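Enquirer: Okay, here's the structure, questions in a sec.
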Amino acid sequence: MIFRLAWRNLWRNTRRTLITLAAVGLNTAVLITSYALMDGLWKQIVSNATNLVTGEAQIHAPEYLVHRSIYNSLENPKKIMTALENQGIGAAARSYDYGLLAHESKSAGAQFWGVDPNREREVFGLADNMFQGRFLPEQPQHGIVLGKKLARSLNVSVGSEIVVVVQAADGSLGNDLYTVTGILKTVGESIDRNAAILHQADFQTLFVSEGRIHEIALNARGRLPLEDLAQAAVRAGPEAEVKTWRQLMPALSDIVNLLDVTIWIFLLIFFLAAGLGVMNTMLMATFERIREFGIIKALGAGPWRILGDVAVEALWLGLVASALGALLGLAGAYYLQEIGLDTSAFAADYTVAGVAFDPLWRADLTLKAAGVPVIVMWLVCVLASLYPAFMAARLDPVRAIQHV
Amino acid sequence: MNRRVAAIAGAGWIICLAVVLGFSLPSSAQDQALSAQEILDKVDDLYRGESSHGKMSMTIVTAHWTRTLRLEFWNKGKDKSLIRILAPEKEAGTATLRVGNEIWNYLPKVNRVIKLPSSMMSASWMGSHFTNNDLVKESRFTEDYTFEKGFEGAREGVQVIEIDCRPKPEAAVVWGRVAVAVRQGDYLPLESKYYDEDLNLARTMTFSRIQEMTGRTMPTVMTVVPADKPEEKTVVDYEEIAFDLDLSDEVFSLRQLKK
Numbered sequence: 001m002i003f004r005l006a007w008r009n010l011w012r013n014t015r016r017t018l019i020t021l022a023a024v025g026l027n028t029a030v031l032i033t034s035y036a037l038m039d040g041l042w043k044q045i046v047s048n049a050t051n052l053v054t055g056e057a058q059i060h061a062p063e064y065l066v067h068r069s070i071y072n073s074l075e076n077p078k079k080i081m082t083a084l085e086n087q088g089i090g091a092a093a094r095s096y097d098y099g100l101l102a103h104e105s106k107s108a109g110a111q112f113w114g115v116d117p118n119r120e121r122e123v124f125g126l127a128d129n130m131f132q133g134r135f136l137p138e139q140p141q142h143g144i145v146l147g148k149k150l151a152r153s154l155n156v157s158v159g160s161e162i163v164v165v166v167q168a169a170d171g172s173l174g175n176d177l178y179t180v181t182g183i184l185k186t187v188g189e190s191i192d193r194n195a196a197i198l199h200q201a202d203f204q205t206l207f208v209s210e211g212r213i214h215e216i217a218l219n220a221r222g223r224l225p226l227e228d229l230a231q232a233a234v235r236a237g238p239e240a241e242v243k244t245w246r247q248l249m250p251a252l253s254d255i256v257n258l259l260d261v262t263i264w265i266f267l268l269i270f271f272l273a274a275g276l277g278v279m280n281t282m283l284m285a286t287f288e289r290i291r292e293f294g295i296i297k298a299l300g301a302g303p304w305r306i307l308g309d310v311a312v313e314a315l316w317l318g319l320v321a322s323a324l325g326a327l328l329g330l331a332g333a334y335y336l337q338e339i340g341l342d343t344s345a346f347a348a349d350y351t352v353a354g355v356a357f358d359p360l361w362r363a364d365l366t367l368k369a370a371g372v373p374v375i376v377m378w379l380v381c382v383l384a385s386l387y388p389a390f391m392a393a394r395l396d397p398v399r400a401i402q403h404v
Numbered sequence: 405m406n407r408r409v410a411a412i413a414g415a416g417w418i419i420c421l422a423v424v425l426g427f428s429l430p431s432s433a434q435d436q437a438l439s440a441q442e443i444l445d446k447v448d449d450l451y452r453g454e455s456s457h458g459k460m461s462m463t464i465v466t467a468h469w470t471r472t473l474r475l476e477f478w479n480k481g482k483d484k485s486l487i488r489i490l491a492p493e494k495e496a497g498t499a500t501l502r503v504g505n506e507i508w509n510y511l512p513k514v515n516r517v518i519k520l521p522s523s524m525m526s527a528s529w530m531g532s533h534f535t536n537n538d539l540v541k542e543s544r545f546t547e548d549y550t551f552e553k554g555f556e557g558a559r560e561g562v563q564v565i566e567i568d569c570r571p572k573p574e575a576a577v578v579w580g581r582v583a584v585a586v587r588q589g590d591y592l593p594l595e596s597k598y599y600d601e602d603l604n605l606a607r608t609m610t611f612s613r614i615q616e617m618t619g620r621t622m623p624t625v626m627t628v629v630p631a632d633k634p635e636e637k638t639v640v641d642y643e644e645i646a647f648d649l650d651l652s653d654e655v656f657s658l659r660q661l662k663k
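Taken in sequence, the protein lines are chains A and B.
In terms of our numbering, the first sequence opens at residue 1 and continues consecutively.
In terms of our numbering, the second sequence opens at residue 405 and continues consecutively.
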């Protein structure tokens, strides 16, 4: 009864209601969109950092990261890989060591990677991150993929022949000719300058390092909480050392934490601005009706009745407005999620904490991004209307009627 | 980070050892009043401007492997040296040429000559405990360091003179201090200790098996032990050496390197 009354009451003054509706609705839409954009920024930075090559967690032999010695390899990489596979976690095994590359009169030191091209393609994005040429083929064919700056300093392009000189694990001199199959896009300073990626089989021949795996990188693409992923990794390799991306990239982790705080401050400001706007509209709309409340009171309605009426009206208004706003906001956020904002006009090829950043800024639409603004706006609507209603309810009917 | 990168570079440490440490001091060094500078200069003068050619074996012991290389070397003057690996088979024919501050390597397996980048200067030579810098930097040893006599007297029953080498302030050097101990009388080197820029001991080189070779009395075995890995070492054992040969500059050319 009271709900139907409130609903009818709303449409008594169509213009006022429509203005309020528009204000609340638009604010809700803007909040949903900006919330989704901010969430997208956060997620994008993390996934850029992890999806490409690092992964969300890594498994190494204890102390490997301190000295990065070719001898300090994982005890039982096959067992760890099988265990991860059984848990449905994508993983790629890699070997590393240092050596020398030369092309004509140029030469440079490099960090060699031995990778399984199929695994890298399945689990990580590096293979799709090519500036020129293609990633390594499935079979070992003496192909090599280079970081962008390394390729530039050697003055090579796709198809160039490169001399590779390394000290093998047995102390002997490993040297051979490799053909550049591809050059990576900007990834991050250390990969750009140092990475020389080989097929694992080629790597093990060159370095005489049969079976030596130094790193297993895990990527669940955000499906698992980081703690759960780390625990799964520990279960797979109990004698190994497990580190999450936050430990592997502490600078980035700090930046992401800082960004998190920044995002919350921004959202708080957005919410405040939108909330105050809605509150203003609701206040004005309710103050306008003080005379009406005076008459109702004079007719015998108690203060609680007035308060209840106004609250239910605001509830209705908020419901309709935030529903419309949510539709609009969801559409906007969905558009930004699918199409994204192209920021490349402002910055090309930039990196955050040594990780290349995609200039296409995409929103990330979650239940939270849609729900929080709706609930907040609804609450603001009701609270903002209660204050003038409370004032009106307390007023002497005669004075309320004379209120202009 | 890439300390153990295989940079097959300098044969030059062979020269530098000889130069710095009085390797080929003749028995004529009877002048007891020589200053530190004079002792090293004498070695220097004696060695430089001359040439040498010989064969040696180098045994490298690390925590993970032990191997022995047989090497043939040619030196001329202060700046030129060539070293070629004779054995083992996998590396046979591999050669390193140094002219001045530049180092080239020839790799027979791929039939290519590559120039060593400056970033590889502190890398190990063939996995040994010598670096490429040992070659390039120490050919300038007398220019970059000042010398002073230190302790003189008996040490483990041998009368020794210690010479303290300190870098000149403006010199770009690898070692913060080098302490050389030579035998009194014939100035044959016994031991030298290399300290890093923080003056921590980095490695110790000892000289042994003093014997006559081509008319000169000299220690024919050198052992290098890195201070941070006392269980590792590199042992150089001279098999034959000839001095004052007529070597043409052509020997030290890139063309010759490939042969």
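A virtual CB, placed ideally from N, CA and C, is assigned to each residue, including glycine.
Just so it is clear, the structure is predicted and the values come from calculations on it, not from any experiment.
Name the chain A residues that come within less than 8 angstroms of Thr-618 of chain B, Cβ to Cβ?
Expert: In the second sequence, the residue the question calls residue 618 of chain B occupies position 214. The contacting residues do not exist; Thr-618 of chain B stays about 30 angstroms from chain A at best.
Enquirer: Do you know offhand how far Leu-658 of chain B's Cα is from Met-462 of chain B's?
Expert: Walking along the second sequence from the start, residue 658 of chain B turns up at place 254. Walking along the second sequence from the start, residue 462 of chain B turns up at place 58. Distance between the alpha carbons of Leu-658 of chain B and Met-462 of chain B is about 25 angstroms.
Enquirer: At the 9 angstroms Cβ level, is Pro-521 of chain B part of the contact set with chain A, yes or no?
Expert: If you number the second sequence from 1, residue 521 of chain B lands on position 117. Yes, contact with chain A.
Enquirer: Report the start-end ranges of each beta strand (DSSP E) in the segment 239–275 of chain A that is 3 residues or longer and not cut off at the edges.
Expert: 241–244
Enquirer: How would you list, in chain order, the residues of chain A whose beta-carbon sits under 7 angstroms from the beta-carbon of Met-502 of chain B?
Expert: Along the second sequence, one-based indexing puts residue 502 of chain B at 98. Just to set this straight, residue 502 of chain B is Arg in the shown sequence, not Met. Going along chain A, no residue has its Cβ under 7 angstroms from Arg-502 of chain B, so there is no contact; the nearest lies around 15 angstroms.
Enquirer: To the nearest angstrom, how far is the alpha carbon of Ala-407 of chain A from that of Ala-127 of chain A?
Expert: Outside the displayed span of chain A (1 to 404) sits residue 407 of chain A, for which this structure offers no information.
Enquirer: Is any beta-carbon of chain A found at less than 9 angstroms from that of His-468 of chain B?
Expert: Position 64 of the second sequence holds residue 468 of chain B. Yes, His-468 of chain B counts as interfacial toward chain A.
Enquirer: Between the C-alpha atoms of Arg-488 of chain B and Tyr-642 of chain B, what's the straight-line distance to the nearest angstrom?
Expert: As a working mapping, residue 488 of chain B is identified with position 84 in the second sequence. As a working mapping, residue 642 of chain B is identified with position 238 in the second sequence. Each residue's Cα considered, the two are about 15 angstroms apart.
Enquirer: Leaving aside the five residues before and after Ala-201 of chain A along the sequence, list all residues of the same chain whose C-beta is less than 7 angstroms from its C-beta, in chain order.
Expert: One-based indexing of the first sequence puts residue 201 of chain A at position 201. Cβ within range, chain order: Pro-140.
Enquirer: Using alpha carbons as the reference points, say which of B:Val-514, B:Val-517, B:Arg-516, B:Thr-535 lies closest to Met-524 of chain B.
Expert: Residue 524 of chain B sits at position 120 when you count from the first residue of the second sequence. Among B:Val-514, B:Val-517, B:Arg-516, B:Thr-535, the Cα nearest to that of Met-524 of chain B belongs to B:Thr-535.
Enquirer: Would you identify the three-state DSSP class for Ile-290 of chain A, choosing helix, strand or coil?
Expert: Along the first sequence, read from residue 1 onward, the residue named residue 290 of chain A stands at position 290. Ile-290 of chain A falls in the helix class under three-state DSSP.
Enquirer: Say whether the segment 198–212 of chain A touches the segment 16–25 of chain A, bearing in mind that this needs 3 or more beta-carbon pairs closer than 8 angstroms, one atom from each stretch.
Expert: no
Enquirer: Please give me, in chain order, every unbroken run of the beta strand (DSSP E) with length at least 3 that falls completely inside the segment 53–110 of chain A.
Expert: 57–60, 90–103
Enquirer: What are the partner residues of Thr-535 of chain B, as DSSP defines its beta bridges?
Expert: Sequence index remark: in the second sequence, residue 535 of chain B carries index 131 (1-based). For Thr-535 of chain B, which the question treats as bridged, DSSP gives the partners B:Ser-528.
Enquirer: Buried or exposed for Pro-492 of chain B, going by 16 or more other Cβ atoms inside 10 Å?
Expert: Taking the first residue of the second sequence as position 1, residue 492 of chain B is located at position 88. Label assigned to Pro-492 of chain B: exposed.
Enquirer: Looking at the structure shown, is Asn-479 of chain B part of a helix, part of a strand, or coil, going by DSSP?
Expert: The residue given as residue 479 of chain B occupies position 75 in the second sequence. Of the three classes helix, strand and coil, the one that applies to Asn-479 of chain B here is strand, per DSSP.
Enquirer: Measure the Cβ-Cβ separation of Thr-638 of chain B and His-533 of chain B and say whether it is below 9 angstroms.
Expert: For the purposes of this step, residue 638 of chain B is identified with residue 234 of the second sequence, where counting begins at 1. For the purposes of this step, residue 533 of chain B is identified with residue 129 of the second sequence, where counting begins at 1. Result yes, Cβ atoms of Thr-638 of chain B and His-533 of chain B sit closer than 9 angstroms.
Enquirer: Given Val-158 of chain A, which residues of its chain have a CB within under 6 angstroms of its CB, disregarding the five upstream and five downstream residues?
Expert: Here residue 158 of chain A is taken as the residue at index 158 of the first sequence, counted from 1. Closer than 6 angstroms at the Cβ level, and outside the excluded window around Val-158 of chain A, lie Gln-132, Gly-133, Val-180.
Enquirer: For Phe-293 of chain A, is the classification buried or exposed, using 16 other Cβ atoms within 10 angstroms of its Cβ as the cut-off for buried?
Expert: Within the first sequence, numbered from 1, the residue matching residue 293 of chain A stands at position 293. Flag for Phe-293 of chain A reads buried.
Enquirer: For chain B, find out if any of its Cβ atoms is closer than 9 angstroms to the Cβ of Gly-188 of chain A; answer yes or no.
Expert: Position 188 of the first sequence, counting from 1, holds the residue named residue 188 of chain A. No, Gly-188 of chain A lies away from the interface with chain B (no Cβ there is under 9 angstroms from its Cβ).
Enquirer: State the Cα-Cα distance for the pair Phe-203 of chain A and Gly-99 of chain A, rounded to the nearest angstrom.
Expert: The residue given as residue 203 of chain A occupies position 203 in the first sequence. The residue given as residue 99 of chain A occupies position 99 in the first sequence. Rounded to whole angstroms, Phe-203 of chain A to Gly-99 of chain A spans 11 angstroms at the Cα level.
Enquirer: How many angstroms separate the CA atom of Lys-79 of chain A from the CA atom of Pro-137 of chain A?
Expert: In the first sequence, counting from the first residue as 1, residue 79 of chain A sits at position 79. In the first sequence, counting from the first residue as 1, residue 137 of chain A sits at position 137. Taking the Cα positions, Lys-79 of chain A is about 25 angstroms away from Pro-137 of chain A.
Enquirer: In the DSSP assignment, the beta strand (DSSP E) including Met-626 of chain B goes from what residue to what residue?
Expert: On the second sequence, residue 626 of chain B is found 222 positions in, with the first residue counted as 1. Its beta strand (DSSP E) spans residues 620–630.
Enquirer: Our contact map puts Arg-474 of chain B next to Leu-490 of chain B with C-beta atoms below 8 angstroms; I'd like the distance itself, whole angstroms only.
Expert: Here residue 474 of chain B refers to the residue found at position 70 when the second sequence is read from its first residue. Here residue 490 of chain B refers to the residue found at position 86 when the second sequence is read from its first residue. The pair is a contact, with the Cβ atoms about 4 angstroms apart (cut-off 8 angstroms).
Enquirer: With a CB to CB cut of under 7 angstroms and the five nearest residues on each side skipped, what residues in its chain are close to Val-234 of chain A?
Expert: Within the first sequence, residue 234 of chain A is the residue found at index 234, counting from 1. The answer, listed in chain order, is Val-242.
Enquirer: Do the segment 373–392 of chain A and the segment 269–286 of chain A touch if we need at least three Cβ pairs shorter than 8 angstroms?
Expert: Contact between the segment 373–392 of chain A and the segment 269–286 of chain A is present, because at least three Cβ pairs lie under 8 angstroms.
Enquirer: Report the CB separation of Thr-546 of chain B from Leu-444 of chain B in whole angstroms; it is logged as a contact under 8 angstroms.
Expert: To locate residue 546 of chain B, count along the second sequence from 1; it is residue 142. To locate residue 444 of chain B, count along the second sequence from 1; it is residue 40. With a Cβ gap of about 6 angstroms, Thr-546 of chain B and Leu-444 of chain B count as contacting.
Enquirer: According to DSSP, Asn-219 of chain A sits in a beta bridge with which residue or residues?
Expert: The residue labelled residue 219 of chain A in the question sits at position 219 within the first sequence. BP columns for Asn-219 of chain A point to A:Gly-90.
Enquirer: Kindly indicate if chain B contains any beta-carbon less than 9 angstroms away from that of Ala-169 of chain A.
Expert: On the first sequence, residue 169 of chain A is found 169 positions in, with the first residue counted as 1. Under the 9 angstroms criterion on CB atoms, Ala-169 of chain A is classed as interfacial with respect to chain B.
Enquirer: Kindly indicate if chain B contains any beta-carbon less than 9 angstroms away from that of Val-180 of chain A.
Expert: Within the first sequence, numbered from 1, the residue matching residue 180 of chain A stands at position 180. Judged by the 9 angstroms Cβ criterion, Val-180 of chain A is not in contact with chain B.
Enquirer: Helix, strand or coil, according to DSSP, for Phe-203 of chain A in the structure here?
Expert: Sequence index remark: in the first sequence, residue 203 of chain A carries index 203 (1-based). If DSSP states are grouped into helix, strand and coil, Phe-203 of chain A belongs with the helices.
Enquirer: Given a cut-off of 9 angstroms, decide if Gly-222 of chain A and Val-406 of chain A are closer than it, judged by their beta-carbon atoms.
Expert: The displayed coordinates of chain A run from 1 to 404. Any statement about residue 406 of chain A would go beyond what the structure contains.
Enquirer: According to DSSP, is Phe-124 of chain A helix, strand or coil?
Expert: Taking the first sequence and counting its residues from 1, one reaches residue 124 of chain A at position 124. Reduced to three states, the DSSP call for Phe-124 of chain A is coil.
Enquirer: Which ranges does the beta strand (DSSP E) cover as unbroken runs of at least 3 residues, wholly within the segment 542–583 of chain B, from first to last along the chain?
Expert: Complete beta strand (DSSP E) runs here, min 3: 549–559, 562–571.
Enquirer: Could you check whether the Cβ of Asn-536 of chain B sits closer than 9 angstroms to any Cβ belonging to chain A?
Expert: In the second sequence, residue 536 of chain B corresponds to position 132, counting from 1. No, because no Cβ of chain A sits closer than 9 angstroms to the Cβ of Asn-536 of chain B.
Enquirer: Would you say Tyr-64 of chain A and Asn-72 of chain A are within 9 angstroms of each other, going by their C-beta atoms?
Expert: Start at 1 with the first residue of the first sequence, and residue 64 of chain A comes out as number 64. Start at 1 with the first residue of the first sequence, and residue 72 of chain A comes out as number 72. Cβ atoms of Tyr-64 of chain A and Asn-72 of chain A: closer than 9 angstroms.
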